[in-house]
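S.K.: The structure that follows is given in the form of structure tokens.
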Amino acid sequence: LSSLSNFEPSAETNSFVEKSQTSAILAQGARGKQLLHDIDVYLEGINAWYAQNEPATAKFTRVDIYSANAIKGQFLGEGGGKEVANADMYDALTQKFGATNGRAMWDDLKSRNDPDSEVTYADKSAPWQSQPKNFTGNVNIQNGSFDSSSPLAQASARSQAALAQTAAQRTHQASNVLLISGDRTSTGHPLFVGGPQISYFFPGLTMEIGLKGPNRDVIGATSAPFPGYMLIGRAADFAWTLTSAGSDIVDTYAETLCGGSKTKYLYKGKCRSMGTFNAGTLLIDGKRIPATFRTTVHGPVQGYATTRCAAKTASKKKTSSGNKVAFAGAACKGKLVALSQRRSSYGRDATDLLYNQALTDGSVKSFSDYKKAASLTPQTFNSFYADDQHIGFYTSGRLPLRTKNSTGDLPVDGRGNYEWTGYLSTAGHAQGEDPKNGILVNWNNKPQKNYPASDERWSEAPIQRVQMLLAELNRSQKHTLATVTGAMNAAATNDVRAVVLWPVLRDMLAKGTAPSPRETQMVALLQQWHDQGGTRLDTDND
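For our numbering, add 2 to where a residue sits in the sequence shown, where the first one is 1.
Written out as structure tokens, the structure reads:
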């Protein structure tokens, strides 16, 4: 999207997208049929404009709407997929420090479910996918062995290249929201300030709009794949917005190769042939690159890696003379595995629009209705709601349930014994209404206790930028729209390292002696920065 690389989809791609997305939408019953009708009417309007103004332009189709929604999902509405990088670190730590200590260090650095992390809603717990005691369902791969340059995997790697910049930027995106219940406001009614933070580029992902008609009366921001629906905004009786949740909906599977081939793999006792998918052509830096890749039952093959095997223990063996001598087992060699990815929203990205359909057409009358609407999207967002009496949130996404001996943080054994067992129920999702402290604040942080960070999120620990929002709000027990907006602005222009982290570091440094005057001066400068509020702005224009 933001890399401005061109992609020419193949007929195979268009056919697959059309069939899978349409089927997923129709499976939703009357709401799905209405969505398809709205998409087709939307397309008639688009194509009528082009026919009059740019007649040479090819007609827009459902595939264009589906694809644009999938880009939105990849950009903002998914989490996970970093199992290979995690496996590299896990292997490096366990090889250097041993299995027990290495695992402990990895867990500590990962901070997957730190009990001291700041949460949006502390009144209840939302346990999902606790970390297993052992990783018998996972496959250890050797640090640095991942290879996507082989002829079979190279096309898959190249097909990811155009989206690499977007994916890298996505990890730096952030959105925040502040909701205050009526008992903490000057009017006695809730206050709502949302700040979706999306990079500026052309064409843009969103645009401000108002929609008014027989069953539409909303204002806010919409997006290109939305057929007359609102992404975020407000209706007559409620307002809503989103922050990216980054929940883990993508897993990597290590496929055991068989039949002496790199294109055959073992699944549920059978040696199967990989599929081949011709996605189309990428145009990168003036070069046309075919985007053809191998597939397994789990998804596209990302590349190959070598497993880490456990060395055989020494044993005793009698010689011909009867003497016993130490005997080392044969040299341990890792095996080559293919690495494929599975995404729970795959093939059903466009059903996300059912959520926005309900928000736009007047179906939502309460927070309960809002939760039902948010549960329709397979994409993972923290969805926030406020009306004149209540505030609440729901963390959406088609969240997979994994077997007890496998973690989504590392590559999973792909032979069929550690498949997803289902998806988290609506009741099991992180959610809450009217918190006891009167505040719902989120800046892409953990929504509730015991809700784990995805494999791509590290160190989701006690220090997080959302604490600056809370600190600003807690300066007052009664708020106006101005004070809530001011709290957002103050936190957005201050540096969490100066405001929250520095006092911790200062107290640690105070236990020792500075090694030189330079370090003493640096401490003084950091303290001065903290005392002045830790602003990131150049307040004196120097």
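Glycine included, C-beta positions come from ideal geometry on N, C-alpha and C. The structure presented is a predicted model; accordingly, all values stated were derived computationally and were not measured.
Please look up how many angstroms separate the CB atoms of M276 and V303, rounded, as I've assumed it's under 8 Å.
M.R.: Residue 276 sits at position 274 when you count from the first residue of the sequence shown. Residue 303 sits at position 301 when you count from the first residue of the sequence shown. The Cβ separation is near 7 Å, so the contact holds.
S.K.: Using a Cβ-Cβ cutoff of less than 7 Å, which residues in the same chain neighbour S127 once the five nearest sequence positions on both sides are dropped?
M.R.: Reading the sequence shown from its first residue, position 125 is the one you call residue 127. Taken in chain order, the residues that qualify are Q450, K451, N452.
S.K.: Return the bridge partner residues of M209 from the DSSP annotation.
M.R.: By 1-based counting over the sequence shown, the position of residue 209 is 207. In the DSSP output, where bridge partners are listed per residue, M209 has T224.
S.K.: Would you kindly work out how many angstroms separate the C-alpha atoms of L527 and W242, rounded to a whole number?
M.R.: Translated into positions along the sequence shown, residue 527 becomes position 525. Translated into positions along the sequence shown, residue 242 becomes position 240. Computed Cα separation, rounded: 42 Å.
S.K.: I want to know whether the region 195 to 215 touches the region 249 to 263 - three or more CB-CB distances under 8 Å.
M.R.: Taking 8 Å as the limit for Cβ pairs, the verdict is that the region 249 to 263 does not touch the region 195 to 215.
S.K.: Do I191 and D457 have their C-beta atoms within less than 8 Å of each other?
M.R.: Taking the sequence shown and counting its residues from 1, one reaches residue 191 at position 189. Taking the sequence shown and counting its residues from 1, one reaches residue 457 at position 455. It is worth fixing the name first, because residue 191 is His in this sequence and not Ile. Not a contact, by the Cβ cut-off of 8 Å.
S.K.: Write down the C-beta distance between S113 and S461 rounded to the nearest angstrom, noting that I regard them as a contact closer than 8 Å.
M.R.: Residue mapping note: residue 113 aligns to position 111 of the sequence shown, counting from 1. Residue mapping note: residue 461 aligns to position 459 of the sequence shown, counting from 1. So it is a contact: roughly 5 Å between Cβ atoms.
S.K.: Comparing C-alpha positions only, which one of G282, T515, E257 sits nearest to H300?
M.R.: On the sequence shown, position 298 is the one that residue 300 refers to. Cα-wise, what sits closest to H300 is E257.
S.K.: Quick one: which unbroken alpha helix (DSSP H) runs of 4-plus residues sit fully inside the region 91 to 134? Chain order, please.
M.R.: Counting only runs of 4 or more, we get 101 to 112.
S.K.: Suppose contacts are defined by Cβ-Cβ distances below 8 Å. Is G418 in contact with K270 by that definition?
M.R.: On the sequence shown, residue 418 is found 416 positions in, with the first residue counted as 1. On the sequence shown, residue 270 is found 268 positions in, with the first residue counted as 1. It is a contact, given that the beta carbons lie within the stated cut-off.
S.K.: What would DSSP say about L233, mapped onto helix, strand or coil?
M.R.: Here residue 233 is taken as the residue at index 231 of the sequence shown, counted from 1. Residue state, collapsed to three classes: coil.
S.K.: What separation, rounded to the nearest whole angstrom, lies between the Cα atoms of T224 and L361?
M.R.: By 1-based counting over the sequence shown, the position of residue 224 is 222. By 1-based counting over the sequence shown, the position of residue 361 is 359. Roughly 12 Å separates the two Cα atoms.
S.K.: What first and last residue would you give for the beta strand (DSSP E) that runs through L180?
M.R.: As a first step, residue 180 must be located in the sequence shown, where it is residue number 178. Note, L180: beta strand (DSSP E), 178 to 182.
S.K.: Write down the C-beta distance between S408 and G139 rounded to the nearest angstrom, noting that I regard them as a contact closer than 8 Å.
M.R.: Your numbering for residue 408 matches position 406 in the sequence shown. Your numbering for residue 139 matches position 137 in the sequence shown. S408 to G139, Cβ: 3 Å. Contact.
S.K.: In terms of residue numbering, what span does the alpha helix (DSSP H) encompassing G34 cover?
M.R.: Position 32 of the sequence shown, counting from 1, holds the residue named residue 34. Unbroken alpha helix (DSSP H) run through G34: 32 to 55.
S.K.: I need the DSSP call for F395, collapsed to helix, strand or coil.
M.R.: Taking the first residue of the sequence shown as 1, we reach residue 395 at position 393. Here F395 sits in strand by DSSP.
S.K.: Decide if L95 is buried, meaning its Cβ has at least 16 other Cβ atoms within 10 Å, or exposed.
M.R.: Counting from 1 along the sequence shown, the entry for residue 95 is found at position 93. Classification of L95: buried, given that the 10 Å Cβ count is 16 or more.
S.K.: For A164 and D411, what's the separation of their Cα atoms in angstroms?
M.R.: Start at 1 with the first residue of the sequence shown, and residue 164 comes out as number 162. Start at 1 with the first residue of the sequence shown, and residue 411 comes out as number 409. Bear in mind that the predicted position of A164 carries a pLDDT of just 40, short of 50, making it too unreliable to give a figure here.
S.K.: Quick one: what does DSSP say T541 is sitting in, helix, strand or coil?
M.R.: Start at 1 with the first residue of the sequence shown, and residue 541 comes out as number 539. Three-state DSSP puts T541 in coil, outside helix and strand.
S.K.: How about A473 and D116: do their beta carbons lie closer than 8 Å?
M.R.: Locating residue 473 in the sequence shown gives position 471, where the first residue counts as 1. Locating residue 116 in the sequence shown gives position 114, where the first residue counts as 1. No.
S.K.: What does a CB cutoff of less than 8 Å around K386 pick up in its chain, not counting 5 residues either side in sequence?
M.R.: Your numbering for residue 386 matches position 384 in the sequence shown. According to the sequence displayed, residue 386 carries Phe and not Lys. Excluding positions up to five away in sequence, the list reads V179, L181, F194, G196, W242, T243, L244, T245, I393, G394, F395, L442, N444.
S.K.: Would a C-beta distance cut-off of 8 Å place K480 and R186 closer than the cut-off?
M.R.: As a first step, residue 480 must be located in the sequence shown, where it is residue number 478. As a first step, residue 186 must be located in the sequence shown, where it is residue number 184. For K480 and R186, yes; Cβs fall inside 8 Å.
S.K.: Would you say G222 and L207 are within 8 Å of each other, going by their C-beta atoms?
M.R.: Position 220 of the sequence shown, counting from 1, holds the residue named residue 222. Position 205 of the sequence shown, counting from 1, holds the residue named residue 207. Contact: no.
S.K.: From G399 to S150, what does the alpha carbon distance come to, in whole angstroms?
M.R.: Along the sequence shown, read from residue 1 onward, the residue named residue 399 stands at position 397. Along the sequence shown, read from residue 1 onward, the residue named residue 150 stands at position 148. For G399 and S150, the distance between alpha carbons rounds to 29 Å.
S.K.: Using a Cβ-Cβ cut-off of 6 Å (strictly less than) and excluding sequence neighbours within five positions of Y420, which residues of its own chain qualify?
M.R.: Here residue 420 refers to the residue found at position 418 when the sequence shown is read from its first residue. So the qualifying residues of the chain are G139, T405, S408, V414.
S.K.: Use the C-beta contact count for R296: other C-beta atoms within 10 angstroms, 16 or more gives buried, fewer gives exposed.
M.R.: As a position in the sequence shown, residue 296 is number 294, starting the count at 1. Buried is the call here.
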